[in-house]
Amino acid sequence: QVSRTMGFVVILDAAKYNYAASSYELDRGFSAMTGAVGIERVVSETTRGGIKAGFMTADYDDEEAGSIDMPYVEASMQWFLDKQTRLTGGASYMLKESYVYPFASQKQLGLNVRVNWELPSGVLVGVGGTYREGDYSSEENSSDTPDSAYAYAKDGK
């Protein structure tokens, strides 16, 4: 914490993603590392914000897939609407696991919003939503996914 109204954030993260074996014998697993720095600031009595930026790298288990490096960006704002209610909104751009076969990962833009209420007992209750859009274009994934995976996906075999 630099002052009462501003602090620095450092992110160092390592993750391993594994997928169930497929009938095509594709190894979609990968190891990812993230490094980022950021600041968080109290803008006013009712508003806080923060931004983090850095890099991500992924090494794919399948030797044909190689690796990928890309930027990591995350920003958020939080508004205290009253003593018990806070609204948080954010956006991010990062590498995430894939929800689409045969890809191993996707570059993903995420937008989120959340409302939290603090009950008189001190328990925090909230509801939120997230919109995510993944990039599976062949240009981005030509080094992320083995050529054999494209053949399977294209030919439907």
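Position in the sequence shown (first residue = 1) + 668 = this note's numbering. We treat Cβ as the ideally placed atom computed from N, Cα and C, and that holds for glycine.
In the displayed model, arginine 672 falls within coil according to three-state DSSP, outside both helix and strand. Per the coordinates, the alpha-carbon of phenylalanine 748 lies some 45 Å from the alpha-carbon of glycine 734. Rounded to the nearest whole angstrom, the CA to CA distance from glycine 718 to glycine 675 is 9 Å.
A distance below 6 Å between beta-carbons, with the five flanking residues on each side excluded, links glutamate 801 to the following residues of its chain, in chain order: Leu777.
Phenylalanine 723 counts as exposed, since fewer than 16 other C-beta atoms from the protein chains shown sit within 10 angstroms of its C-beta.
Residue environment analysis places glutamine 746 among the buried positions, since at least 16 neighbouring C-beta atoms fall within 10 angstroms of its C-beta. Per DSSP, proline 788 is not a residue of any beta strand (DSSP E), being assigned neither H nor E.
Taking a C-beta distance under 8 Å as the contact criterion, asparagine 686 and glycine 703 do not qualify as a contact pair. A distance below 7 Å between beta-carbons, with the five flanking residues on each side excluded, links lysine 684 to the following residues of its chain, in chain order: Ser699.
The Cβ neighbour count for alanine 726, taken over all protein chains shown within 10 Å, is at least 16; the residue is labelled buried. If you compare the alpha carbons of Leu763, Ile679, Asn780, Lys751 with that of leucine 787, the shortest gap goes to Lys751. A direct Cα-to-Cα measurement between valine 705 and alanine 743 gives close to 12 Å. Looking at the DSSP output, arginine 696 bridges to nothing.
Taken through DSSP and simplified to helix, strand or coil, tyrosine 687 comes out as coil. Out of Gly758, Gln774, Ser773, Lys764, the CA that lies nearest to the CA of glycine 796 is found in Gly758.
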